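Student: Residue numbers (our numbering), protein chains in the order written: chain B, 1 to 458; chain A, 1 to 882.
Could you have a look at this structure, given as structure tokens, before my questions?
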Amino acid sequence: FYLTPSQVNSILKANEYSFKVPEFDGKNVSSVLGFDSNQLPANAPIEDRRSAATCLQTRGMLLGVFDGHAGCACAQAVSERLFYYIAVSLLPHETLLEIENAVESGRALLPILQWHKHPNDYFSKEASKLYFNSLRTYWQELIDLNSGETTDVREALINAFKRLDNDISLEAQVGDPNSFLNYLVLQVAFSGATACVAHVDGVDLHIANTGDSRAMLGVQEEDGSWSAVTLSYDHNAQNEHEVERVKMEHPKSEEKSLVKQDRLLGLLMPFRAFGDVKFKWSIELQKRVIESGPDQLNDNEYTKFIPPNYHTPPYLTAEPEVIYHKLRPQDKFLILATDGLWETMHRQDVVRIVGEYLTGVHHQQPIAVGGYKVTLGQMHGLLTERRARISSVFEDQNAATHLIRHAVGNNEFGTVDHERLSKMLSLPEELARMYRDDITIIVVQFNSHVIGACQNEE
Amino acid sequence: AAGMFLRLLSDIQWRAANPKWRRMTSSRRSTSTTAEPHPVSLPAQAQVVICGGGIIGTSVAYHLSKMGWKDIVLIEQGRLAAGTTRFCAGIVSTARPVSIELKMAHYSNQLYQQLEQETGVQTGYMKTGSISLAQTQDRLISLKRIAASLNVMGIPCEIITPKQAVQLHPLINIHDLVGAMYVPEDALVSSANVSLALATAASRNGVQIHERTSVSHVTVQKGRVTGVETDRGRIQCQYFVNCAGQWAYELGHSGEEAVHIPLHACEHFYILTHPLKEPLASSLPTVVDPDGRIYIRNWQGGILSGGFEKNPKPLFTEGRNQLEIQNLQEDWDHYGPLLSSLLRRMPGLEALQIMQLVNCPESFTPDMRCIMGESPTTRGYFVLAGMNSAGVSYGGGAGKYLAEWIVNGYPSENVWPLDLKRFGTLQSSRTFLRHRVMEVMPLMCDLKVPRWDFQTGRQLRTSPLYDRLDAQGARWMEKHGFERVKYFVPPGSDLLDLDHSKTFYKPDWFDIVGAEVKCCKEAVCVIDMSSFTKFEISSTGDEALESLQYLFSNDLDVPVGHVVHTGMLNEKGGYENDCSIARLSKRSFFMISPTDQQVHCWAWLKNRLPDDSNLTMEDVTWKYTALNLIGPRAVDVLSELSYAPMTAEHFPSLFCKEMSVGYANGIRVMSITHTGEPGFVLYIPIEYALHVYNEVMNMGQKYGIRNAGYYALRSLRIEKFFAFWGQDLDAFTTPMECGREFQVKLEKGMEFVGQEALLEQKQNGVYKRFTMFILEDHDTDMDVWPWWGEPIFRNGRYVGKTTSSAYSYTLERHVCLGFVHNFDEKTGEELVVTTDFINQGEYEIDIAGQRFQAKAKLYPFSSLFTQRRRKDEVELSGYQGE
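Spelled out as structure tokens, the structure:
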């Protein structure tokens, strides 16, 4: 049994979303043309999340992918909250004051973010009050701190990440009288999430990354070919610096038990993450919170389980590494994606496929017969196969969908194979996770004209 | 600057960028005896300078020198036969739908056949024959039409079954074929060697050939060619011939006075293979599979196969471009569909090993026909280019006609379909050409059906009423860039979409046009005829009258307000133009000619009118919108709108008057309709066009007025035996041959162009006669419709071809117009055609291989219509009596 091509398409396109930055007076003045995003679940429910929003009180656009583990609660909370923390961190003192005064006097708040959401991307209604109070406490502290300095994006990003993780941790320790909320904040804290966030403002691109999702820049060389520039470091066992960092933060006696089987304490793949209080709190704190917590929490073997060799917490941080990149006209697009994509495809192929898709030029290496012995029949077969490859491009209106089609359906020749695609998409829920991970992709397209103009002004 | 540009990109770089090109033909160099080593200095002057050393340029040189002209210089920027000529497939195919092209190809074939003997240069000539395959019945019809043309020219040709085809060429897969056409005398040549042979012969006759010499531009004085500037100096000359192939457009634009040569290059691909295990015989026929868009010929034991894809790649739009030249590489993905087609036709070739995919640019023209003739603006500047990938087939014949044209002033055949002057500056836009050739190239293989219109390059010239007419359901055709209405689709009626309306049979608009014709006959119709060419010629004294009396065959010294139908004849009495001229005043004339005469007629008159500042000629085509009111009630509409009596007593036929129509004054009204029906043409200054149209339509309501199109006009004029220039009349037809002696002032003792020839014909009789045929046993619903070019048989013997045809809604029969000759039964010599000869024959017309009985008539049929009406009345009364 095979899925028909249209069934395949309806699965692949179920979560696709596109946003085009509106034009003013026939001109797009933003350095971002727009973005395509999509996600394909392997877990049920999916543990990946994505967010995109335009900052309304400062300039710039925020985009992020979040890969949850041990449930989706933490990824969900981070996807709802992180951009508010970042936006607030970026706000000048006067705007913060204005907002606080509005809240104080019950006036309408200035909108801070304009979200670009797929209908399937939801926000938790129940927790919004709780989340808002935490956020308000944060900006009140920022107002009190009033450094008077202009906000540095790098610092704002780092502060926002750390503050949110801190709030997640605190909310779980304090608990909530509402039992539903009480359970929710504990779920958020005990599950975990990585985050890879881009902030684009004109030619200034900041990537803040925590964990093993990845940001990749698609650069078009002068000869039209595509090359990939990585704009984030994976925080996992493959990253020597990261292993080094973890080892530095703990006594030498733990050196051997810190990283086992490429996992933190032999358990966790990402070396940085939101939530995951089991890797952050002291054993006493964990036990106290679990014991006083709801029964569901006590019944969960995972939460009760204390990692082995757990001597000098915290072992885990949500502090991001921030990379700055000044956009150039040859930087055509940025891909943010969870590890589900990067595990299946090489970054060079990812950038080439998206580049060819976006430019509509399918720079297949032209065939030259040269001195080879090729028969008419062989050539015919080869050309037929190449045509099929090109036609698959036109099925997709969304670069992220197109990339997922390749990630899931590519055969050994780098061609989308319908049979394979159909098999992969019709796996039963319990098997799907064994063959593939959740995949979440955002492809941001840059406006080379605006970027070129900015460059010339300088 | 242009010269510098051309020089920089000379041939050396061409071949450096394409090393493969050299490999293919490396042995050729040694056979070239004509290439003179540098630096033989250029002569300071010559009678003729030919630019271009391909098959076309060498053919022109060959034929000029054969005709006795010796003072000729041929200039080639690279090496002889190095451009498209070197890389073309070398197929000489006579199966061409246009009669003049067929004649050129036939002559080329005969020429090439004896060329090796004549020159000693091996041409690789091999008579292989060709098989054209039909995958559909419609394709078979088109092949049958071509077969009929070939047969009457004495070129062997037969329609064969798929089984016979596979006997001729064992590799053909015939499962999807319905038939084929076999032309046994088609041939293969090495085109480069043919070109070298022609050059060798020309050189022996005294033609000087200079390779590696680039023309930068042509110098002109007082509208005449004076010389050529090259990178190696200047040559003074009287005649310049532009045979620069795909560079002809640029070369035409390089001089101070541009010569517009509308052509554009497209990439063209073909594949070469290694030999088969059992090498293919060099005598194996060439296979053309137009439905598969490919041709396949044997090549050195393997095959050569190319085609005309649906999505051509135009190039050099912005002129010669080094980058594009370098990128002229094998594009296998582009060739893919043609390869599929090849393997479908010859599946046995799967295991055949590829040698090379060749990318060889070809130049194409806006109407798929080549470009030949003299520039309308620069005398002595001749052009032969734009071969639409058939340079080898046409090269010999085209070179011959052009040489005759230069030497004698006219070619020996009617080449109007190829004349440069059928185009004007309006077809010279690069955007237009780029878009149009992308349509033209696939058409090489598309089915050519009657009444086909180009889809690209449209809506260029339009009447001010265009939007109004379009909103009322107008369907459009294009002539010389001008949009003209074919017919009006009534609201609510569904016509087939374009692809499905392509047919050789009864078209879907049959009843629509029938209704328009009926309205023309019984009430009144409006046809927008603004596209017609309009000139005003006037003078301060009698110069206009005197000049026109000499240039036109009918007497123009008529009272002011009269309209005269007259021919504009050449020295042989043939029609260069057929027009209506109104005498506006003593000293000014208003001349109406067919749409496509705009360039030709202008050039003809400019070159012949005296250079007199008192005499002015102006092209006023664009100034007037022309509305043709056809029908018995046109009188009523117009008199109500003008408060002037329009009846025959006050406004006789062939009369012209300026009057008011509605609020608009100064409308030129002429009592002609170009159909033989009663009515008027209104020449309206364009700003009044909408007003007058609205007034006419409003007033016409009560008389049953409606819009009509050219198809209705065509049906009306053909059933009335009206000949149209460009279709029925050409430079080889005289008034005497089409029953128009009454339009010639032979008796008036005035001298005019063509007079002697006409007097001689009057004395000795004519050798062909324009005749009208009514098809007797043709079933309009079931049979293939006549078009034009169908052979006419008299008593079973071929006597001529039709020139136009239409369904007559009045006669309820098809009417064909055409010329009847009288070929001597034994010698084939042309004999005098008498009225008795016409009247005493039994006629048949061959439509796609099927012969239909036809009744011949020599005079218009007004009597026939009245007879018919009377007969109807008799029948009616008889019926009532029963």
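Glycine included, every Cβ here is placed at the ideal spot set by N, Cα and C.
Note that the structure is predicted; figures quoted are calculated from it, not measured.
According to the neighbour-count rule (16 or more other Cβ atoms, all chains shown, within 10 Å of its Cβ), is Asn694(A) buried or exposed?
Tutor: Taking the second sequence and counting its residues from 1, one reaches residue 694(A) at position 694. Asn694(A) is exposed by the Cβ-count criterion.
Student: What is the rounded straight-line gap between the Cα of Val444(B) and the Cα of Asp331(B)?
Tutor: Here residue 444(B) is taken as the residue at index 444 of the first sequence, counted from 1. Here residue 331(B) is taken as the residue at index 331 of the first sequence, counted from 1. Rounded to whole angstroms, Val444(B) to Asp331(B) spans 11 Å at the Cα level.
Student: Is Thr286(A) near Ile271(A), with beta carbons less than 8 Å apart?
Tutor: Sequence index remark: in the second sequence, residue 286(A) carries index 286 (1-based). Sequence index remark: in the second sequence, residue 271(A) carries index 271 (1-based). For Thr286(A) and Ile271(A), no; Cβs fall outside 8 Å.
Student: With 16 as the cutoff for other CB atoms within 10 Å, does Ile451(B) come out buried or exposed?
Tutor: As a first step, residue 451(B) is located in the first sequence; it is residue number 451 there, counting from the start. Buried is the call here.
Student: Counting C-beta neighbours from all protein chains within 10 Å, is the total for Phe446(B) 16 or more, i.e. buried, or is it exposed?
Tutor: As a position in the first sequence, residue 446(B) is number 446, starting the count at 1. It is buried - the Cβ of Phe446(B) has at least 16 other Cβ atoms within 10 Å.
Student: Tell me, please, whether the CB atom of His363(B) is closer than 8 Å to any CB atom in chain A?
Tutor: Position 363 of the first sequence, counted from the first residue, corresponds to residue 363(B). Any reading at His363(B) is ruled out, since the residue's pLDDT is 47, under 50, leaving its predicted position unreliable.
Student: For Asn101(B), which three-state DSSP category applies?
Tutor: Here residue 101(B) is taken as the residue at index 101 of the first sequence, counted from 1. Helix at Asn101(B).
Student: In angstroms, rounded to a whole number, what distance separates the CA positions of Phe651(A) and Val661(A)?
Tutor: Working through the second sequence from its first residue, we reach residue 651(A) at position 651. Working through the second sequence from its first residue, we reach residue 661(A) at position 661. Going from the Cα of Phe651(A) to the Cα of Val661(A) covers about 15 Å.
Student: If we define contact as Cβ-Cβ less than 8 Å, is Ile354(A) a contact residue for chain B?
Tutor: Mapped onto the second sequence, residue 354(A) falls at position 354. Yes, contact with chain B.
Student: Since I believe Thr58(A) is in contact with Leu198(A) (beta carbons under 8 Å), could you give me their beta-carbon distance rounded to a whole number of angstroms?
Tutor: Along the second sequence, one-based indexing puts residue 198(A) at 198. Along the second sequence, one-based indexing puts residue 58(A) at 58. Yes, they are in contact, since the Cβ atoms of Leu198(A) and Thr58(A) sit about 4 Å apart, within 8 Å.
Student: Who are Met126(A)'s beta bridge partners in DSSP?
Tutor: The residue given as residue 126(A) occupies position 126 in the second sequence. Looking at the DSSP assignment, Met126(A) forms a beta bridge with Leu188(A).
Student: What do you reckon, are the CB atoms on Pro361(A) and Val437(A) nearer than 8 Å?
Tutor: Indexing the second sequence from 1 puts residue 361(A) at position 361. Indexing the second sequence from 1 puts residue 437(A) at position 437. No, the Cβ-Cβ distance between Pro361(A) and Val437(A) is not below 8 Å.
Student: Look at the Cβ atom of Ala198(B), then the Cβ atom of Leu82(B), and state whether they are nearer than 8 Å.
Tutor: Here residue 198(B) corresponds to residue number 198 of the first sequence, with the count starting at 1. Here residue 82(B) corresponds to residue number 82 of the first sequence, with the count starting at 1. Contact: no.
Student: For chain B, is any of its Cβ atoms less than 8 Å away from the one on Gly306(A)?
Tutor: Locating residue 306(A) in the second sequence gives position 306, where the first residue counts as 1. Judged by the 8 Å Cβ criterion, Gly306(A) is not in contact with chain B.
Student: Identify the contact partners of Ala368(B) in chain A, using a Cβ-Cβ distance below 7 Å as the criterion.
Tutor: Counting from 1 along the first sequence, the entry for residue 368(B) is found at position 368. Within chain A, the residues near Ala368(B) are Glu330.
Student: Under 8 Å between the Cβ atoms of Met568(A) and Trp604(A)?
Tutor: If you number the second sequence from 1, residue 568(A) lands on position 568. If you number the second sequence from 1, residue 604(A) lands on position 604. Contact flag set, yes.
Student: Given this structure, state the Cα-to-Cα distance separating Asp144(B) from Leu130(B), to the nearest angstrom.
Tutor: Taking the first residue of the first sequence as 1, we reach residue 144(B) at position 144. Taking the first residue of the first sequence as 1, we reach residue 130(B) at position 130. One C-alpha to the other measures close to 21 Å.
Student: Please confirm if Leu343(A) has its CB atom under 8 Å from at least one CB of chain B.
Tutor: Within the second sequence, numbered from 1, the residue matching residue 343(A) stands at position 343. Yes, Leu343(A) counts as interfacial toward chain B.
Student: Report the rounded CA-to-CA distance for Ala95(A) versus Ile146(A), giving the unit in angstroms.
Tutor: Working through the second sequence from its first residue, we reach residue 95(A) at position 95. Working through the second sequence from its first residue, we reach residue 146(A) at position 146. Going from the Cα of Ala95(A) to the Cα of Ile146(A) covers about 6 Å.
Student: Which residues in the same chain as Ser30(B) place their Cβ atom closer than 8 Å to its Cβ, once the five residues preceding and following it in sequence are excluded?
Tutor: Against the first sequence, residue 30(B) aligns to sequence position 30. So the list reads Val21, Met61, Asn447, Val450, once near-sequence residues are dropped.
Student: Which full runs of the beta strand (DSSP E) of 3+ residues lie inside the segment 660-698 of chain A, going along the chain?
Tutor: Listed in chain order, they are 664-670, 679-685.
Student: Does the distance from the CB of Phe274(B) to the CB of Asp165(B) come in under 8 Å?
Tutor: Here residue 274(B) corresponds to residue number 274 of the first sequence, with the count starting at 1. Here residue 165(B) corresponds to residue number 165 of the first sequence, with the count starting at 1. It is a contact, given that the beta carbons lie within the stated cut-off.
Student: What ranges does the beta strand (DSSP E) occupy inside the segment 96-153 of chain B, keeping only unbroken runs of at least 3 residues that lie completely in it?
Tutor: As far as the segment 96-153 of chain B is concerned, its whole beta strand (DSSP E) runs of at least 3 residues are 113-115.
Student: Determine, for Met269(B), whether the minimum Cβ-Cβ distance to residues of chain A falls below 8 Å.
Tutor: Along the first sequence, read from residue 1 onward, the residue named residue 269(B) stands at position 269. It does not: the Cβ of Met269(B) has no partner Cβ on chain A nearer than 8 Å.
Student: Is any beta-carbon of chain A found at less than 8 Å from that of Ile352(B)?
Tutor: Residue mapping note: residue 352(B) aligns to position 352 of the first sequence, counting from 1. First, the residue type needs correcting, since residue 352(B) is Arg and not Ile in the sequence shown. No, Arg352(B) lies away from the interface with chain A (no Cβ there is under 8 Å from its Cβ).
Student: Taking Leu358(B) and Tyr315(B) to be in contact with their CB atoms under 8 Å, please state how far apart those CB atoms are, rounded to whole angstroms.
Tutor: By one-based count along the first sequence, residue 358(B) stands at place 358. By one-based count along the first sequence, residue 315(B) stands at place 315. Actually they are not in contact, since the Cβ atoms of Leu358(B) and Tyr315(B) sit about 41 Å apart, beyond 8 Å.
Student: Can you list, in chain order, the residues of its chain whose CB lies under 7 Å from that of Gly396(A), leaving out five sequence neighbours each side?
Tutor: What you label residue 396(A) is simply residue 396 of the second sequence in a count that begins at 1. Correct list, in chain order: Ser59, Tyr107, Ser108, Leu111, Tyr112.
Student: If you run the structure through DSSP and keep just helix, strand and coil, what is Arg405(B)?
Tutor: As a first step, residue 405(B) must be located in the first sequence, where it is residue number 405. Three-state result, Arg405(B): helix.
Student: Once DSSP output is grouped into helix, strand and coil, what is the label at Val753(A)?
Tutor: Along the second sequence, read from residue 1 onward, the residue named residue 753(A) stands at position 753. Correct three-state label for Val753(A): coil.
Student: Find the residues of chain A that neighbour Lys13(B), judging by a C-beta separation of less than 7 Å, and give them in chain order.
Tutor: Position 13 of the first sequence holds residue 13(B). By Cβ distance, chain A contributes nothing, its closest Cβ being about 28 Å from Lys13(B), past 7 Å.
Student: Within the 8 Å Cβ cut-off, does Val374(B) reach chain A?
Tutor: The residue you call residue 374(B) lines up with position 374 of the first sequence. At least one chain A Cβ lies under 8 Å of Val374(B).
Student: Tyr107(A) by DSSP, collapsed to three states: which one?
Tutor: Mapped onto the second sequence, residue 107(A) falls at position 107. Residue state, collapsed to three classes: helix.
Student: Taking the alpha carbon of Met355(A) as the point to measure from, which residue in Ile537(A), Trp332(A), Asn554(A), Cys525(A) has its own alpha carbon closest?
Tutor: Counted from its first residue, the second sequence places residue 355(A) at position 355. The candidate whose alpha carbon is nearest that of Met355(A) is Trp332(A).
Student: Taking all protein chains shown into account, decide if Val612(A) is buried (16 or more other Cβ within 10 angstroms of its Cβ) or exposed.
Tutor: In the second sequence, the residue the question calls residue 612(A) occupies position 612. For the record, residue 612(A) in the displayed sequence is Asp; it is not Val. Exposed is the call here.
Student: Among Ala44(B), Leu40(B), Arg272(B), Leu403(B), which one has its Cα closest to the Cα of Val351(B)?
Tutor: Here the question's residue 351(B) lines up with position 351 in the first sequence. Answer by Cα proximity: Leu403(B).
Student: Can you give me the C-alpha to C-alpha distance between Leu465(A) and Asp453(A), rounded to a whole angstrom?
Tutor: Within the second sequence, the letter at position 465 stands for residue 465(A). Within the second sequence, the letter at position 453 stands for residue 453(A). For Leu465(A) and Asp453(A), the distance between alpha carbons rounds to 21 Å.
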